[in-house]
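>
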Amino acid sequence: MSVPSGPRIITSRFDVADGHTYAGYVRTGGYVSLRKAVSSMTPQQVHDEVKAAEIQGRGGAGFPAGTKWGFLPAGVHPRYLVINGDESEPGTYKDRLLMERDPHQLIEGIVIACYALNASQAFLYVRGEMAHAQERLAQALNEAYASNMVGKNICGSDFSVDITLTWGAGAYIVGEETALIESLEGERGMPRLKPPFFPAVKGLYMQPTIVNNVETLANVPYIVGQGGGDFKSIGAPTSTGMRMFAVSGHVNKPGVFEVPNGVTTFRMLFEAPEYCGGIRNGGSIKAFIPGGASAMWFFPEHLDMALDKPTVDKAGSMLGSGAIVAMDQTTDMVAACWRIVRFFARESCGKCTPCREGTTWLERVLKRMLDGHGRPEDIDLLFEVSESISPGIAWPPRQTTICPLGPSAVSPIASAVRRFRHEFEHYIEHGRPIDGVESPFATHLASHA
Amino acid sequence: MTDTAAPKTTVSLTVDGRSVEATPGDLLITACERSGSFVPHFCYHPRMSPVGMCRQCIVEVEGPRGKSLVVSCMTPVADGQVVSTTSEPAKRAQEGVLELLLANHPLDCPVCDKGGECPLQDQAFSHGPGESRYVEEKRHYEKPIPISDLVFLDRERCILCDRCTRFAGEVAGDPLISFTSRGNNTQVMTFPDEPFSSYFSGNTVQICPVGALTSSAYRFKARPWDLEQVESTCTTCSVGCRTVVQSSRDELVRYQGVDVESVNWGWLCDRGRFNFESVNSRNRVHSPLMRKDGTLVETTWSTALDAAGRILRTVLNDKGPDAVSIIGGARGTNEDAFAWAQLADSLGVTARDAQLGDGLPAEVFALPQATIAEACASPTVILLAPDLKEELPVLYLRLRDAAEKRTTRIIEVSPRATGLSRYAWKSVRHDPGDQPRVVSELLSDRDVVDQLSRGNVTVVMGRGNLAESPEFTLLATGAVLAAVPTARVLPVVRRGNVRGAVTAGMTPQRPDADTNAILSSIAAGKVECLVLVGADPLSDVPDADLVRRAFASVKHVIAVDTFVTESVRHAEVVLPASAYGEKVGTTTNCEGRVSDVAQKITTAGTARPDWMIAAELALELGVDLGISSYPELRDTMTSSIAAFAPAADAKAVRGEGVLMAQSAPIRITATPRSAAPRLTHQFRLHVSRVMYDRAVATNESPSLAPLAREAAVHMNSGDAQRLGVRDGASVRLSSNGSAVVLPLAIDDAVARGVVSVPFNQHGSDIRQLIRHDVAVTDVVVEVI
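Protein chains in written order, with the numbering used here: chain A, 1 to 449; chain B, 1 to 784.
1. Using a Cβ distance threshold of 8 Å, determine whether the region 472-486 of chain B contacts the region 322-334 of chain B, with at least three qualifying pairs required.
2. Going by DSSP, what residue range makes up the beta strand (DSSP E) through A/N212?
3. Within 10 angstroms of its Cβ, does B/A675 collect 16 or more other Cβ (buried), or is it exposed?
4. Report yes or no: do the region 70-80 of chain B and the region 131-143 of chain B share at least 3 C-beta pairs separated by less than 8 Å?
5. Helix, strand or coil: how does DSSP classify A/K253 here?
6. Measure the Cβ-Cβ separation of B/S688 and B/F759 and say whether it is below 9 Å.
7. Could you spell out the range, first to last residue, of the alpha helix (DSSP H) harbouring A/Y125?
8. Can you grab the Cα-Cα spacing for the pair B/D108 / A/G358, in whole Å?
9. Say whether chain B places a C-beta atom closer than 9 Å to the C-beta of A/G350.
10. At 8 Å on the CB atoms, spell out the chain B contacts of A/P354, in chain order.
11. DSSP state of B/L713, grouped into three classes?
12. Could you work out which residues of chain B lie near A/E271, taking near to mean beta carbons separated by less than 8 Å?
13. Are the CB atoms of B/E566 and B/L538 nearer to each other than 9 Å?
14. Among the residues of its own chain, which have a CB less than 7 Å from the CB of B/D540, if the five just before and after it don't count?
15. Helix, strand or coil for B/L744 per DSSP?
16. For B/P677, which three-state DSSP category applies?
17. Out of B/G36, B/P386 and B/V459, which one is the CA nearest neighbour of B/A487?
18. Which runs of the alpha helix (DSSP H), 4 residues or longer, sit entirely within the region 185-235 of chain A?
19. Going along chain A, which residues have a C-beta under 7 Å from B/G52?
20. Kindly indicate the opening and closing residues of the beta strand (DSSP E) around A/H132.
21. What would DSSP say about A/G406, mapped onto helix, strand or coil?
22. Mind checking who A/N84 pairs with in its DSSP beta bridge?
23. Give me the subset of the region 102-116 of chain A whose CB atoms are less than 9 Å from a CB atom of chain B, sorted by chain position.
24. Are B/C32 and B/F42 close, meaning C-beta to C-beta below 9 Å?
25. For the region 170-237 of chain B, which segments carrying the alpha helix (DSSP H) assignment without a break, of at least 4 residues, lie completely within its bounds, in sequence order?
26. Kindly identify the DSSP beta-bridge partner or partners of A/A171.
27. Just curious, the alpha helix (DSSP H) that A/K36 is in, first and last residue?
28. Reducing DSSP to helix, strand and coil, say where B/T473 ends up.
29. Please report the straight-line C-alpha distance between B/D512 and B/G272, rounded to a whole angstrom.
30. Whose C-alpha, out of B/R494, B/I766 and B/P485, is nearest the C-alpha of B/T793?
31. At which residue ranges does the region 288-362 of chain B contain complete alpha helix (DSSP H) runs of 4 or more residues, listed in the order of the chain?
32. Under three-state DSSP, which class holds A/A65?
33. What are the partner residues of B/H762, as DSSP defines its beta bridges?
34. When burial is assigned at 16 or more other CB atoms within 10 Å of the CB, is A/Y31 buried or exposed?
35. Can you pull the chain B neighbours of A/A171, defined as C-beta to C-beta under 8 Å?
36. For the structure I just gave you, are there three or more beta carbon pairs, one from the region 92-99 of chain A and one from the region 316-329 of chain A, closer than 8 Å?
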């Protein structure tokens, strides 16, 4: 299978043994873009390059970063850049690698972004469990300060910026940008309401704030170095540049791959020897999650779809944060559905009613089915409760909740029940999965039979 | 065509087919409710910032981008919005949220205090799906757990609406409760080892939309459908909060705050909320008492009135009217005070005072006046007052709110930090007696001058220190009024109806006839008969030595009271008075707002309202005051006292009440002066009240009585270090030839060089060191 090729932009130092050090970074071309920006470009020119690159945010929503930067109200200071490194969705682990393997690239991206935004303070919020990434970032930041890449009068210019590192305390919801801002302020990580709290207008400490994903900013040095036009020429016109996807599940070689955006297909990722090298045990795909646990599931008929934002959106799901989970033909769909719903129920912050009560209810109903106590009316009940969280159970989801966490628990149920209703019915009728699928719960029950 | 350049002051929208006008910035939920469409809700409360957490108030809005479901408590109104509160999608969403709220709710309504007046119960019926499909096991917690001395929390009933926690942080400024845990295990909780000891905790019980928070005073006392209620005004302090007085089986069981814009916004302090218990106390005086062989024994009204009349007649005949004095009137209604003033007038008694040497000269009410609302709307408030959080708690809430909204800057000048200090723009400490100088200095500070030029200036002035002459605060106020001629004054006297009683005539009618002068005259043998009308000088007059000497030498005491207090014990005749909730009338708050107090229950025993006792006593003395009924009394009062004229209409004193008429304001002409500086080895004494003390209404309320603390000497840590004394050690304070021994409490709220002792607490009585004729009290502190 031949796959489209492209330059390695943000993973270029993954194979350099000392790529995470200042010396290794500078030796491999690091901090050139920053020098270029502060010495020969105006902030507006930097912003224009990012706009020209048409890079979509890599955090999940896929909103064009250059456009987002333009939302800051003119003349309101202080303003902040917040970097969301609280990557916590099941199957998502690209930002962690970027922070561990190439921390200086991220720092350079942050400083350039601050230059473009006229911000003098950035907050880098890293997930609490990522100890290695935290160490690497702290070391790198110290080196960057010592080398005058961060701090006062960067590279001899009159531009100064400070970066503050903050570690999370282990809450998935803090990946939601307004909850992250609350957490940064020292409050419980619970989302704010939009409106009125659009971060670009009323963000951190009620000041204008841009929240960007780690991968988005890691691309900025390349965009400034090579030009936005160069970046845009890679990938598809509707999904520019290279993009990282984290593939996990029933594939032979799970991992993170930087692929040309918008032109690579799911099948290529799963089957090409450069990437995952096929489904385990020579099996076949039964379903897969195209973009994180909150996405609607895809099925074999979607395998040849390109990893292109508008295409995937139109097909009723999303690329999200680039977490792809493959499920082969042996997967117990009821159990898979329950595992994902359980994640969201446990990670609900508890602020609003539908998510707090609804996700837990869904989880309990599914668990009851797995335990062999499902009732015929439970399938309808799952949809009814889902309807109370996400009216219409449509894509993109509508929500009665404050943030999208609640509707996230609805996607796996809607996907699994609609496609594999017979598996749920089988559980309800027989208290065990259909033949041919593996389920830890069924094994457990069988031993008691 | 209208001029499009003019800013639009209203927007029009359609709610359920009716068109509604609203002000830009209004929330959709208020516009809907104004239009007559009730939107179910739990977390939304009009006096707190919206949080959109319960998600119950979802409505459907048609905008430029089609129809969408929005949370009406977080969505501002917009021109042309078409809103449906009852469309199928809106109803489906509302029912869905209610089913989810009920999923883990225990539905123990039959044993829940809230059942019958429960927003969750009511809205489950009106907007719920009718039945639950939840068959999983519900959440379980230990229930209920006390989170303070007054409040219990049942976490199973809690729907996590954030009302109590928001109130604690946002309104009261006591963020002592918060959410803990996450997701389905989220619960409201105090911090470890820190109870929810807020002075305002009762409000959380009132605003809880379920039965999760209950008060120790009301738990299991009544069912809502057995309650009778009437709107009234709290007279515990001079803020005059509007309340609802509720009774069951002719016994008071609960007070609830009523939201009036001009005063309390629905809030009450715990002292005012829970001291109804004292009305029900078994220790109330139920029938007249007369001294017989040294003890007070029950008697009949005719015997008691006859005896009281005989005493008064004898003294008046033998020594003339100056041998009779009357202290009191501030605990009753305006009409009570008026009747007693009429009686005094008819007898020629001029020595009468509603204040107990612990208030302010009556002329403060004649200074240019500001209302509470005007004070809170002033860009600058100068605080020359006691700790409002302790003494006028709901005024503290209002001023705190104004400061937090950044519309008001508070300049505080006090000998110790107060509840408002952390919200003050400037908070300056001073030695007692030095306030005029410190204020004059501040008035020439450039920042302050700038600030004072930004609009209205209100001086909130009161008796901040009972061990200091009130003259200094008066002079300091005069300094502000001289520097800012447009400044106005909000006098904050503590006792409920001081202002009404003074206006009604219970104030000295000649110089040197205030309470201190009366007591001095008694001690000098010039006054032989003292009439106490709801007054307890032995507990309340700061100069303990004076009042003790007076009571040791007084010949006759006639007391009208609800309890046998320290002072009443000395009476020959005790006439039982009706308490709050047992009589009708009007009261006047610190800003001069007259509002009604209502009768809810039958009076205890044969007790009578103060005014009736005055009228009866007058008849006994051969005087007809012309009062035979309450309406007659009120008509006489409002027609003969110009200030009360606006209260003539019975409707005017309901709800918001009505401001009394003001005559032309007087000016303070005295030149500011300060007391002599203290000697370096001495401390200057600050004595002030705290919320829970040995006041009779607190002491006789079982819920509140345990909250009164032991007295202690509060001293700055720097001074304590200098003296080498540790926290808790016993120290001797001596001054004016007297000494008291009290434990030391290290407290950096107190300025250096000052020691602060709370008034009327358990333990040694600090009043022994206070002399009414000594301007400031300097004390020597010795470690023992």
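Even glycine gets a Cβ: it sits at the ideal position worked out from N, Cα and C.
Computed from a predicted model, the values in this text were never measured in an experiment.
In this structure, then:
1. no
2. T209 to N213
3. buried
4. no
5. coil
6. yes
7. Premise fails: A/Y125 lies in the beta strand (DSSP E), Q121 to V126, not in any alpha helix (DSSP H).
8. 22 Å
9. yes
10. R55, G96, V97 and L100
11. Note on identity: in this sequence residue 713 of chain B is Val, with Leu being the wrong assignment. Three-state DSSP puts B/V713 in a strand.
12. Chain B residues near A/E271: none, gap ~39 Å exceeds 8 Å.
13. yes
14. L356 and D358
15. strand
16. coil
17. B/V459
18. 214-218, 220-226 and 228-232
19. L193 and I402
20. Taken as a continuous stretch (DSSP letters only), A/H132 belongs to no beta strand (DSSP E), being part of the alpha helix (DSSP H) at A131 to A146.
21. helix
22. A/Y125 and A/N213
23. none
24. no
25. 201-207
26. For A/A171, which the question treats as bridged, DSSP gives no partner whatsoever.
27. V32 to S40
28. helix
29. 34 Å
30. Since the first residue shown for chain B is 1 and the last is 784, residue 793 of chain B is missing from the structure and cannot be characterised.
31. 301-319 and 334-347
32. helix
33. B/E710
34. buried
35. R182
36. yes
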